[in-house]
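Q: Please read through the structure below; I'll follow up with questions.
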Amino acid sequence: MPSRRDIARALETVADFREPQVELEQYLTAPDLAAHICHLAAMRGDMDEATVVDLGCGTGMLALGARCVEADTIVGLDVDRAALETAVQNEKRLFDRRTIHWVEGDATLPPTCPTQATVISNPPFGAQHGNRHADRAFLDATAALASVSYTIHNAGSLDFVEQFASDHGASVTDAFESTIPIDHRFDHHTDARSSIDVEVFRIDWAGPNGGE
Numbered sequence: 001m002p003s004r005r006d007i008a009r010a011l012e013t014v015a016d017f018r019e020p021q022v023e024l025e026q027y028l029t030a031p032d033l034a035a036h037i038c039h040l041a042a043m044r045g046d047m048d049e050a051t052v053v054d055l056g057c058g059t060g061m062l063a064l065g066a067r068c069v070e071a072d073t074i075v076g077l078d079v080d081r082a083a084l085e086t087a088v089q090n091e092k093r094l095f096d097r098r099t100i101h102w103v104e105g106d107a108t109l110p111p112t113c114p115t116q117a118t119v120i121s122n123p124p125f126g127a128q129h130g131n132r133h134a135d136r137a138f139l140d141a142t143a144a145l146a147s148v149s150y151t152i153h154n155a156g157s158l159d160f161v162e163q164f165a166s167d168h169g170a171s172v173t174d175a176f177e178s179t180i181p182i183d184h185r186f187d188h189h190t191d192a193r194s195s196i197d198v199e200v201f202r203i204d205w206a207g208p209n210g211g212e
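In full-length UniProt numbering, the protein residues as written are 1 to 212.
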């Protein structure tokens, strides 16, 4: 398996959204963060014999990270067709052949997965619309699909995510902080470049003692 550094270096070539939509909060996940998540998931065995589903995949950063660590079956699901077209081009740029299943659809209403899935996701936070915890809909979808998940949330979400997991008989097993750098792209951005503080959570949906 490649190192985190090698994964991040490969993901640095992933193209951003051509015309990012503010209502979808379309930001590119940082390559080093995607590499950290996918490398950790592989080290924990969460990519082995699992269908890896990137909910709200955008231009494919996390799904492509999963491919870098040789996940067997990967699905990237997003409502934005233009983003998926860019994701396809990103996969072609990174790999000799295409194996990721890119699916256009609502990530909060994903199709039923035939086997238990590992979900990876950087959902919208709702921060710009006064809709705190807009990522709840993605967690609802994740709870219905996943045996294990890795999701990115706005900083300060630990209590919310732990309570959500507990309410679904699941548990947060790992958590770490990171940042996502953001170039000026929307009218509400006042700086040429800024960053968002985020937290990443691994949730074991099998329960407090599941998989441990």
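Glycine included, C-beta positions come from ideal geometry on N, C-alpha and C.
I'd like to check one pair, L64 with T29: are the Cβ atoms closer than 8 Å?
A: The sequence position of residue 29 within the sequence shown is 29, counting from 1. The sequence position of residue 64 within the sequence shown is 64, counting from 1. Contact: no.
Q: How far does the beta strand (DSSP E) with T51 in it extend, from its first residue to its last?
A: As a first step, residue 51 is located in the sequence shown; it is residue number 51 there, counting from the start. First-last of the beta strand (DSSP E) with T51: T51 to L55.
Q: Output the residue ranges of the alpha helix (DSSP H) runs that lie fully inside the segment 156-188 and measure 4 residues or longer, sorted by chain position.
A: Whole alpha helix (DSSP H) segments, 4+ residues: 158-167.
Q: Along the chain, where does the alpha helix (DSSP H) that runs through L40 open and close?
A: Numbered from 1 along the sequence shown, position 40 holds the residue referred to as residue 40. From DSSP, the alpha helix (DSSP H) with L40 extends over P31 to M43.
Q: Just curious, the beta strand (DSSP E) that N154 is in, first and last residue?
A: Reading the sequence shown from its first residue, position 154 is the one you call residue 154. Element bounds for N154: A146 to N154.
Q: Give me the Cα-Cα distance between V119 and A82, rounded to the nearest whole angstrom.
A: Taking the sequence shown and counting its residues from 1, one reaches residue 119 at position 119. Taking the sequence shown and counting its residues from 1, one reaches residue 82 at position 82. So the two alpha carbons sit approximately 22 Å from each other.
Q: Is there contact here, the segment 12-22 with the segment 37-48, by at least three beta-carbon pairs under 8 Å?
A: Not touching, per the Cβ criterion.
Q: Going by beta carbon distance, what residues of the same chain come within less than 6 Å of S149, once the five residues before and after it are set aside?
A: Here residue 149 refers to the residue found at position 149 when the sequence shown is read from its first residue. Excluding sequence neighbours, S149 sits near V119, T142 and I203.
Q: Is the CB-CB distance between L55 and F138 below 8 Å?
A: As a position in the sequence shown, residue 55 is number 55, starting the count at 1. As a position in the sequence shown, residue 138 is number 138, starting the count at 1. Yes, Cβ-Cβ distance for L55 and F138 is below 8 Å.
Q: From what residue to what residue does the alpha helix (DSSP H) around D78 run?
A: Within the sequence shown, the letter at position 78 stands for residue 78. Here D78 belongs to no alpha helix (DSSP H); instead the beta strand (DSSP E) covers T73 to D78.
Q: Do you know offhand how far A66's Cα is from A10's?
A: Position 66 of the sequence shown, counting from 1, holds the residue named residue 66. Position 10 of the sequence shown, counting from 1, holds the residue named residue 10. If I take the Cα positions, the gap works out to 12 Å.
Q: Keeping to the same chain, check which residues put their C-beta closer than 6 Å to that of E177; ignore five residues upstream and five downstream.
A: Sequence index remark: in the sequence shown, residue 177 carries index 177 (1-based). These residues qualify, in order along the chain: E199.
Q: Tell me whether E12 sits in a helix, a strand or coil according to DSSP, three-state version.
A: The residue given as residue 12 occupies position 12 in the sequence shown. The answer is coil: DSSP assigns E12 none of H, G, I, E or B.
Q: Nearest-angstrom Cα distance between R136 and A146?
A: Here residue 136 refers to the residue found at position 136 of the sequence shown. Here residue 146 refers to the residue found at position 146 of the sequence shown. Each residue's Cα considered, the two are about 15 Å apart.
Q: Taking one C-beta from the segment 97-117 and one from the segment 70-77 each time, how about it: are there three or more such pairs within less than 8 Å?
A: With a cut-off of 8 Å, the segment 70-77 and the segment 97-117 count as touching, because enough Cβ pairs lie within range.
Q: Once DSSP output is grouped into helix, strand and coil, what is the label at E91?
A: Position 91 of the sequence shown, counting from 1, holds the residue named residue 91. Here E91 sits in helix by DSSP.
Q: If distances are taken between C-alpha atoms only, which option among T112, L84 and D78 comes closest to D106?
A: Counting from 1 along the sequence shown, the entry for residue 106 is found at position 106. Nearest option by C-alpha distance: D78.
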